[in-house]
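Residues in the sequence shown are numbered consecutively from 27, following our numbering.
Where a beta carbon is used, it is the ideal one built from N, C-alpha and C, also for glycine.
Everything below concerns the one structure shown next.
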Amino acid sequence: MNNPQKRAVVFAYHNVGVRCLKVLLAGGVDVALVVTHQDSATENIWFESVQSLCETEGIPFITPDDPKSPELLAQVQAAKPDLMFSFYYRNMLPQAILDVAPAFNMHGSLLPEYRGRAPTNWAVLHGASEAGASLHEMTAKPDAGAIVAQQAVPILPDDTAFEVFGKVTVAAELALYKVLPQLLAGTAPRTPNDLSKGGYFGGRKPEDGRIDWTQPAQQVYNLHRAVAPPYPGAFTDLGPRRYVIERARLYRGELAGHIAGLPPGLAVVDNAILGVCGDGRALLIHSLLADGLRISPAELKASL
């Protein structure tokens, strides 16, 4: 990647932020400033730290609370960037910042599919067979700018969102790595982002993991895969106790004789925990948590 050195301001967080920041450094980009987040004490931090990478590489970084503050705008302007990038930064950037220099965002889907928040989780929830990463021009409207680069990855039938996110992180690294020389040279392609296709999705809350056992088994399984740990998990309440599915598979054996007459919900059959669904099929639950502790089929049967 032999191009005249360009200065960049980078808004980054999470694994995608770390890997894409490393691509910029490998490509000879002068990262003048990184804007990232303070890790939240209330969140399960299972991902890599952009702040730690900046400390290792000696890159100036800040963690402002308000992306619309005049102070942040002044700091971005003072860095005099040629380019700006957003790699899984969680806040929308105001137009005043976008006006400082050409800005590009890395989104975790094959745009225009799954615009908005939590694209990997939504893709798994909807039973998609493919995910990916898209580098696109940033505009005031989220995930709407022209597409500069894309990289697809498969979603296998039993992949959890966590596993798919690992692939999406690699996809983001590959997409940026391949197009970076053209970006630095000002010759990167632009493909229109057709917003009449795909859809926009909002953020997900832990409560969205509540299981409706009357749904078909494939839908319940997709929910489990979409929110399986380290995400909050698909759950069901029985009396005062909340049960969270840690690991499960769609039961592909012949169940008619085993679950005939069983109502939708948790059941114990032949010392195995099943989640019986509305279409007469079931999930075979390999690990079920109650109060954070794994419970056995015998313990569940006693509480049922």
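Outcome for residue i when other beta-carbon atoms lying within 10 angstroms are tallied against a minimum of 16
i    : result
M27  : Summary for M27: the model assigns pLDDT 45, below 50, so the residue's position carries little reliability, and this model does not support an answer.
T217 : exposed
E199 : buried
H133 : buried
L50  : buried
N297 : exposed
L369 : Any property of residue 369 remains undetermined from this structure, which presents the chain solely from 27 to 330.
P215 : exposed
P107 : buried
L292 : buried
G318 : exposed
L326 : buried
D92  : exposed
Cutoff 6 Å; reference residue i; Cβ partners in own chain excluding five residues on either side
i    : result
G5   : Past the edges of the chain, shown from 27 to 330, lies residue 5, and the structure says nothing about it.
A166 : Q121
F73  : H40 and N41
V179 : A157, G158, K193 and A197
Residues of its chain near residue i, where Cβ-Cβ distance is below 7 Å and the 5 sequence neighbours each way are ignored
i    : result
L221 : P138 and A170
G228 : G142 and R143
T146 : G134, A157, A187, V190, F191 and V194
A104 : none
G304 : W239, T240, Q241, P242 and P290
Q64  : T89
Close Cβ partners of residue i (< 8 Å) along its chain, the five nearest in sequence each way excluded
i   : result
P24 : Residue 24 is absent from the model: the chain starts at 27 and stops at 330.
A38 : V44, C46, L47, V60, V61, T62, V76, F111, S112, F113, Y114 and Y115
CB-CB length for residue i against residue j, believed under 8 Å
i    : j    : result
N117 : H162 : The Cβ separation is near 17 Å, so there is no contact.
A274 : H250 : 5 Å
I271 : L314 : 6 Å
Q176 : S160 : 5 Å
N248 : V150 : 6 Å
L209 : M164 : At roughly 13 Å, the Cβ-Cβ gap does not stay under 8 Å, so L209 and M164 are not in contact.
Y269 : L309 : Going by Cβ atoms, the distance from Y269 to L309 rounds to 12 Å, so no, they are not a contact pair.
L109 : K204 : The Cβ separation is near 16 Å, so there is no contact.
G153 : Q244 : 7 Å
H20  : V295 : Since the displayed the chain opens at 27 and closes at 330, residue 20 lies outside it and no answer follows.
In DSSP terms, what residue i is bridged to
i    : result
F113 : A38 and M132
P180 : E156
H162 : N131 and I173
G301 : L292 and L309
Worksheet item: Using 8 Å as the threshold, is the stretch 229-244 in touch with the stretch 118-137, meaning 3 or more CB pairs across them?
Response: no
Discussion item. For the pair the stretch 262-270 and the stretch 283-290, tell me if three or more CB-CB distances fall below 8 Å.
Written reply: no
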